[in-house]
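Asks: To start, I am sharing the structure in question, which I have written as structure tokens.
Encoded structure:
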């Protein structure tokens with residue numbers, strides 16, 4: 010990498026990068042404070058779709074990272090914006106939690122009264138899932154609703170280890186209905202990168218994405234022309250990163266977000 014390059018904007022993943030569950034990752038809050046002191050622009054970008062931006066802001070503030078809701082970009086907010094802009098008349102059925110419903114309602118998205126009346130089934134992480142809710146989603150798809158998912162990740166880093174993510178719910182629905190997922194808005198989709206860059210007000214070549222997932226964070230960055238840094242505090246390993254083709258590897262591998270200070274200092278020497 011060129012010695013004279015230093016990013017102006019940072020796109021920071023959350024789960025596995027800034028925190029794990031409700032626990033902050035050591036040094037993450039200090040790293041964010043350091044970047045802000047350097048005048049860097051920051052957005053938080055997460056494939057989490059079961060929470061709202063308000064809920065996420067409260068979680069960040071609880072671990073010492075104050076921010077504006079507009080600096081948080083979640084799949085719940087991006088899917089809501091997508092439906093409001095591209096399918097304003099669609100009636101949706103939700104397989105997910107209140108955070109997603111709050112974002113959909115805030116964007117003026119219409120809800121179906123019954124699963125069979127839905128034009129779209131919106132699927133996100135649902136950590137309190139019941140059989141009845143899964144079966145309602147099944148009925149929505151069987152009646153013709155097209156599936157739009159906040160993300161398709163198979164797992165995410167939970168407090169007690171890897172946990173099933175949205176990909177598991179999608180597998181159940183597609184297997185039983187014979188219907189494929191129509192739209193996925195989460196990383197590595199360009200929809201997420203575009204939302205982040207729009208908020209930063211910067212071109213991709215001036216920005217870096219930092220995350221713990223090779224399949225979402227790093228893949229999105231590589232596709233969109235962003236510099237990429239993998240942190241080893243979540244789902245990926247150094248060995249897995251180095252096993253990728255050179256074009257798919259992260260530009261940097263960091264033990265944690267706390268190492269960003271050292272990396273920037275090296276860039277600026």
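In our numbering, the protein residues as written are 10 to 278.
By construction, the Cβ of each residue, glycine as well, lies at the ideal position given by its N, Cα and C atoms.
Which runs of the beta strand (DSSP E) fall wholly inside the region 204 to 256 and span at least 3 residues, in chain order?
Replies: Counting whole runs of 3 or more residues, the region 204 to 256 contains the beta strand (DSSP E) stretches 216 to 220, 236 to 240.
Asks: Any idea what DSSP makes of residue 5, helix, strand or coil?
Replies: There is simply no residue 5 to check, as the chain begins at 10 and stops at 278 in what is shown.
Asks: By how many angstroms is the C-alpha of residue 17 removed from the C-alpha of residue 71?
Replies: Those two C-alpha atoms are separated by around 26 Å.
Asks: When the distance is taken between beta carbons, is residue 23 closer than 9 Å to residue 55?
Replies: Yes, these two residues count as a Cβ contact at 9 Å.
Asks: Please classify residue 251 as buried or exposed, where buried requires at least 16 neighbouring CB atoms within 10 angstroms.
Replies: exposed
Asks: Can you give me the C-alpha to C-alpha distance between residue 316 and residue 52, rounded to a whole angstrom?
Replies: There is simply no residue 316 to check, as the chain begins at 10 and stops at 278 in what is shown.
Asks: By the 10 Å Cβ neighbour count, where 16 or more other Cβ atoms means buried, how is residue 137 classified, buried or exposed?
Replies: exposed
Asks: Quick check on the DSSP output: the alpha helix (DSSP H) that includes residue 269 runs from which residue to which?
Replies: For residue 269, the enclosing alpha helix (DSSP H) covers residues 269 to 276.
Asks: Are residue 246 and residue 266 closer than 9 Å when you measure CB to CB?
Replies: no
Asks: Could you say which of 210, 152, 87, 67 lies nearest to residue 160 if we only look at CA atoms?
Replies: 87
Asks: Take residue 183 as the anchor and find which of 165, 157, 59 has the nearest alpha-carbon.
Replies: Checked all of 165, 157, 59; the closest Cα to residue 183 is 157.
Asks: Please state whether DSSP places residue 55 in a helix, a strand or coil.
Replies: strand
Asks: In terms of alpha-carbon separation, which member of 45, 255, 199, 111 lies closest to residue 230?
Replies: 199
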